[in-house]
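See below for the structure under consideration.
In my numbering, the protein residues as written are 1 to 186.
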């Protein structure tokens, strides 16, 4: 039930897509409940980005399965289903019904537009918070303790940024390329 409620909260507040909710997912899964370690969470996020489908849905499903599978074996499938329902189906149904009711009534259109004006600037901040949270010593390395890992991480980050931003490479191509480079360099 706690898994369902945590991922329901994530799905319910997930305005702006997965990137804006990554910080909330990490807070719930790592900081608050200690279901996964930061290294496991970084691996899960990387894996979810490579899978087809929505990253938020994939992370909810995999986090639910990983959280319970170590202790309860096959019950991880049930936990994964609860997280998927909590993160995707119930909040989506609520927001769809809520939005359709607002759209039916002209007097609430200005309220909706004001809400969107307030929420739009928050999304880049949430995305930046997620990026900063991923830059931990155990996932990114440090210049003093693991200088090689740190430099490789910086190199792969910059290569991905330039490859996608400047040369317009496909994101999946960059994930595969950086994965291969990471295997060779680490």
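The C-beta atom is built at its ideal place from N, Cα and C for all residues, glycine as well. All values derive from a computational prediction rather than experimental measurement.
| Item | Value |
| --- | --- |
| Cβ shell of residue 60 (< 6 Å), same chain only, five flanking positions each side left out | 7, 83, 84 and 87 |
| Beta-carbon proximity list for residue 78, same chain, < 8 Å, skipping 5 on both sides | 68 |
| Assigned secondary structure, residue 27 (DSSP; H/G/I helix, E/B strand, else coil) | helix |
| Assumed close pair residue 150, residue 157 - CB separation to whole angstroms, cut-off 8 Å | 11 Å between Cβ atoms; not a contact. |
| Top-ranked residue by Cα proximity to residue 53, from 118, 142, 172 and 28 | 172 |
| Cα-Cα separation, residue 109 to residue 118 | 14 Å |
| DSSP state of residue 91 mapped onto helix, strand, coil | helix |
| Alpha-carbon to alpha-carbon, residue 134 and residue 144 | 18 Å |
| Entirely enclosed alpha helix (DSSP H) segments - the stretch 110-153, minimum 4 residues | 122-134 and 137-140 |
| For residue 199, the three-state DSSP class (helix, strand or coil) | As shown, the chain starts at 1 and ends at 186. That puts residue 199 outside it, with no answer to give. |
| Continuous alpha helix (DSSP H) stretch holding residue 10: start and end | 2-12 |
| For residue 167, three-class secondary structure by DSSP | coil |
| Sequence-distant residues of its chain with Cβ nearer than 8 Å to residue 5 (five each side left out) | 86 |
| Residue 120 versus residue 111: straight-line alpha-carbon distance, rounded | 14 Å |
| Counted within 10 angstroms of its Cβ, other Cβ atoms place residue 89 as buried (16 or more) or exposed | exposed |
| Of the listed residues 66, 137, 154 and 104, nearest to residue 34 (C-alpha basis) | 66 |
| Reduced DSSP category for residue 186 - H, G, I as helix; E, B as strand; rest coil | coil |
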